[in-house]
Structures are given as structure tokens and as C-alpha cells.
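Taking the numbering used here, the leading residue of the sequence shown gets 89, the next gets one more, and so forth.
All C-beta atoms in this analysis are idealised placements derived from N, C-alpha and C, irrespective of residue type, glycine included.
Quick caveat, the model's predicted, so the values are computed rather than measured.
To start, the structure itself, in C-alpha cells.
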Amino acid sequence: MRKSVLAALVALSGLVSPAASAFDPDTPVEAKKEAFPIALGSDEDSTIELAFRAAFGLARGADPEATRTIDGRSYQFRPVAIHLLPNNVGVLLSVGSLGEAGHSESGLNAIHYLKSSPTGWVKQGEWTGLGAVGTVGNGATSWAFSSLLGRNPYLITSGGGVWQGCAIGSATVTELAPDGPVDRGSFTDGMSSGAGIGQKEEQYDGKIAAAVPDKSFTVAYTGTRAIKQQYVLKNGKYELVGKDQVPGC
Numbered sequence: 089m090r091k092s093v094l095a096a097l098v099a100l101s102g103l104v105s106p107a108a109s110a111f112d113p114d115t116p117v118e119a120k121k122e123a124f125p126i127a128l129g130s131d132e133d134s135t136i137e138l139a140f141r142a143a144f145g146l147a148r149g150a151d152p153e154a155t156r157t158i159d160g161r162s163y164q165f166r167p168v169a170i171h172l173l174p175n176n177v178g179v180l181l182s183v184g185s186l187g188e189a190g191h192s193e194s195g196l197n198a199i200h201y202l203k204s205s206p207t208g209w210v211k212q213g214e215w216t217g218l219g220a221v222g223t224v225g226n227g228a229t230s231w232a233f234s235s236l237l238g239r240n241p242y243l244i245t246s247g248g249g250v251w252q253g254c255a256i257g258s259a260t261v262t263e264l265a266p267d268g269p270v271d272r273g274s275f276t277d278g279m280s281s282g283a284g285i286g287q288k289e290e291q292y293d294g295k296i297a298a299a300v301p302d303k304s305f306t307v308a309y310t311g312t313r314a315i316k317q318q319y320v321l322k323n324g325k326y327e328l329v330g331k332d333q334v335p336g337c
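Here it is as C-alpha cells:
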């Protein structure tokens, strides 16, 4: 199995909007040119500590980690990426890890909307339980922001795990609407098998390769064989057209 599927379950590079340095010089937001295919990345942004502190109500000087108890489980959150929406609203993605988790237990993602101001970030809203997560207590393992899917930007997260020699990753597309984020669908973005007894050796890596904004997107796979699958927006969710050609675990 390839390292990209097992470690990050598809390695990607984030895409973000214009700089917010005029409002918060300690939280720069780099501008990068967007293009297909949309690639996700697992590098955590080390410059967004102030945004994270505002999101979780942490005092300056405290460790840049936050513990939250949700549904009776304790999650340890850390910041990983930020994106600037219109009207100087920053979208912060944090991932929450679940300590001493079993293989089938997942972590949790947190999304915060923060308003930038001359005195720093001001929390506007908080949402948890959105996006893709991994096994063994992990939240999302890779992510990207993109304006290529619709009139509103999207957050794309990926997570997954390994089951008896077969690794599989799932990606979720989350619309960053002005009044809050909404999960709009998911697709398999990585699969690798063959390490288990009697398994057929196969490998697929998928990326969003094209889109008609707010209507459809296409995932192109490389690996054992080239595949393209289209997802169409119906009743607020992106649904696969036809039968899924990517094998599961």
C-alpha cells in the first residue's frame, strides 16, 4: 500500500483567499492560485494561534490546545487551517482527537467563523461534527479550501483508516455558506488493498478534476485503472451518478 493512502489518505495542498494581515498581522492568510484537480494537504498552519484562541476562548500564553467534552467524550482540539470569506470573516478548521480511542472510534472536526477587526478575531459561530474524520480517534487527516465548486467557497476534508490490510479514505465537501457550514456530500478519495490474506491488490487515488459550480463535480481516479465519476447536486446533497466503480474494503 502506498504511504499517501495509509498516512494522509491522499496528500493535498490547501487553497486559500486574500490576506487578512490588515486585520490580524499575526494570522496571515496566504493567497494561492486555484486550479483543477483540487489537491488536499495535511500540513498544519502554525500561524493561526490567535484565531484559535479567539475561537475557543483561550487566554494568551496558554497552550494552543483546547479540550471540549461533547456527548460525554473528551476531545483535544488543535488548529490546522484558515480561509478568508468575504466581509473579512475567517473560517477556522480545527481537528479534535479522542484519547485512548478504539480502532472504530473517530475524532471530531470544529469549524469556527471569526470576524476580523483592528483588535483581532471575534468569534461569530461554532459548528462541530462536520467534514470527514479518521479512525483511532482522529479528526480529518487532510483538507483544502476551494472556490471552484460553487458561489460560496467549500471546505474539503478527508479521513479514513485501515481494515485488515485494506486502506480506504473518504472525503466530504462542506459548503461555507454565509450563515454557517453545511455538509453537501462525500466520495471515496483513496483506496489500497492487497496486504490482507486473500485480498486482491488494487489502488485508487481520487481528486476533484472538474466542476459545474453549484450543479456537479467530477472525481478522477488514477491507479489500478483510470476512472471518472460524477456527482450531481440534488435536494442539497451531491449524489453519485450511476454505480460506484471504486471497490471498498
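- By DSSP's assignment, Ile296 forms a beta bridge with Ile126 and Val307.
- Excluding its 5 nearest sequence neighbours in each direction, Gly268 has C-beta neighbours in its own chain below 8 Å: Tyr201, Gly213 and Trp215, listed in chain order.
- Only residues of its own chain outside the window of five on either side were considered, and among them Glu263 have a CB closer than 6 Å to the CB of Val270, listed in chain order.
- Per DSSP, reduced to three states, the secondary structure at Glu137 is helical.
- Residue burial annotation: His171 is buried, with at least 16 other C-beta atoms found within 10 angstroms of its C-beta.
- Gly195 and Val221 do touch by the CB rule: their CB atoms are close to 5 Å apart, below 8 Å.
- The segment 303-315 makes no contact with the segment 134-144: fewer than 3 CB pairs, one atom from each, lie closer than 8 Å.
- Here the C-alpha atom of Ala150 lies approximately 11 Å from the C-alpha atom of Phe144.
- The alpha carbon of Tyr326 has as its nearest neighbour, out of Asp332, Arg166, Lys316 and Lys303, the alpha carbon of Lys303.
- Here the alpha carbon of Trp231 sits roughly 10 Å from the alpha carbon of Ile126.
- By alpha-carbon distance to Gly225, the top candidate from Ile199, Val183, Lys211 and Leu237 is Val183.
- For His200, the enclosing beta strand (DSSP E) covers residues Leu196 to Ser205.
- When Lys120, Ile285, Cys254 and Gly273 are compared, the shortest CA-CA separation from Pro335 is found for Cys254.
- Non-local beta-carbon contacts of Gly247 in its own chain, meaning distances under 6 Å to residues more than five positions away in sequence, involve Ala220, Val221, Gly222, Ala228 and Thr229 in chain order.
- DSSP, read as helix, strand or coil, puts Pro174 in helix.
- The shortest CA-to-CA distance from Asn176 to any of Val117, Arg148, Gly294 and Gly282 is the one to Val117.
- Separation of the CB atoms of Leu181 and Ile199 is rounded to 6 Å, and the pair is thereby assigned contact status at 8 Å.
- Taking the C-beta atoms as reference points, Thr312 is found nearer than 8 Å to Tyr292.
- Under the criterion of beta carbons closer than 8 Å, Thr276 and Ile296 do not qualify as touching, at roughly 12 Å.
- Gly248: member of the beta strand (DSSP E) spanning Tyr242 to Trp251, first to last residue.
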